[in-house]
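Okay, structure first, notes after.
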Amino acid sequence: MRGLLVIAAALLLTGCGFRPLYEAGGSSRAMQAHLAGVEVAPIADRLGQVMRNRLMDRLNAGGTPDYRLTVTLEQSTQGYGIRPDAAATQEQLTLVAHVSFTKLDGEELVFVEDMRARTSYDLVLSDFATVTQREDSARRLALELAERIHRRLALYFTARETEGQ
């Protein structure tokens, strides 16, 4: 019964013009060509370097750039889980990526977005452990935001292809 539902859903989706963003083996050749034409501007700080490296890996950048991706990161923390002695027991880390995507011919601004990711971690007695948790959490958030930016670019190019047909 479940198999019939899956087949029926697949047939309905193909009938309504649904197209997957990615093919089974990764991005389609056309999508790879579009993404390879994106130049990622340098991003400040170590977190920015981590994010830029991930974006460059995902975009396979290296061709002649048609677009420029500019990202600035903003990091903030907030303590909560207050103990009776007024010390925080947990910290919430928020990382905001201010993203602008520009077409290089004529410097036309395609879109501007703010993307936000949050996580929390325990504050422990060991300063080293707390700093390590904070840095690891920030790194994971930067990688997560890089994946979101990659998906947003893929959606832009998919919509552009659909409009062009």
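One point on numbering: in UniProt numbering, the residue at position 72 of the sequence shown is 72, and numbering is uninterrupted.
Just so you know, even glycine gets a beta-carbon here, dropped at the ideal spot from N, CA and C.
Practice item. Closer than 7 Å by C-beta to A24: which residues in its own chain qualify, once you throw out the five before and the five after it? Chain order, please. Key: Within the sequence shown, numbered from 1, the residue matching residue 24 stands at position 24. Note that A24 scores a pLDDT of 38, beneath 50, so its modelled location is shaky; the value from the coordinates is reported in the next line. Hits under 7 Å: none found.
Review point. With 16 other CB atoms within 10 Å as the buried threshold, where does residue 188 fall?
Key: Coverage of the chain is limited to positions 1 through 165, which leaves residue 188 absent and any answer about it impossible.
Check your understanding: Under three-state DSSP, which class holds A24?
Key -> Numbered from 1 along the sequence shown, position 24 holds the residue referred to as residue 24. With a pLDDT of only 38 at A24, under 50, the local geometry of the prediction cannot be trusted, and the value read off the model is given with reservation. Coil.
Review point. Based on the DSSP output, what are the partners of L95 in its beta bridges?
Key: To locate residue 95, count along the sequence shown from 1; it is residue 95. The partner list for L95 (beta bridge, DSSP) reads Q75, A117.
Review point. Would a C-beta distance cut-off of 8 Å place F111 and Y67 closer than the cut-off?
Key: On the sequence shown, residue 111 is found 111 positions in, with the first residue counted as 1. On the sequence shown, residue 67 is found 67 positions in, with the first residue counted as 1. It is not a contact, given that the beta carbons lie outside the stated cut-off.
Check your understanding: When burial is assigned at 16 or more other CB atoms within 10 Å of the CB, is I149 buried or exposed?
Key -> As a position in the sequence shown, residue 149 is number 149, starting the count at 1. Its Cβ being crowded by 16 or more others within 10 Å, I149 is buried.
Check your understanding: Buried or exposed: G26, going by 16 or more other Cβ atoms within 10 Å of its Cβ?
Key -> What you label residue 26 is simply residue 26 of the sequence shown in a count that begins at 1. Any reading at G26 needs caution, since the residue's pLDDT is 45, under 50, leaving its predicted position unreliable; the model's value is listed next. When all chains shown are included, G26 counts as exposed.
Exercise for review: Would you identify the three-state DSSP class for G81, choosing helix, strand or coil?
Suggested key: For the purposes of this step, residue 81 is taken as residue 81 along the sequence shown, with counting starting at 1. Here G81 sits in strand by DSSP.
Point to revise | Inter-residue spacing [alpha-carbon to alpha-carbon] between R134 and L73 | key: Here residue 134 is taken as the residue at index 134 of the sequence shown, counted from 1. Here residue 73 is taken as the residue at index 73 of the sequence shown, counted from 1. If you take the alpha carbons of R134 and L73, they lie about 16 Å apart.
Practice item. Return the first residue and the last residue of the alpha helix (DSSP H) that V38 is part of. Key: As a first step, residue 38 must be located in the sequence shown, where it is residue number 38. Here V38 belongs to no alpha helix (DSSP H); instead the beta strand (DSSP E) covers 38-40.
Check your understanding: By how many angstroms is the C-alpha of N53 removed from the C-alpha of A36?
Key -> The residue given as residue 36 occupies position 36 in the sequence shown. The residue given as residue 53 occupies position 53 in the sequence shown. One C-alpha to the other measures close to 14 Å.
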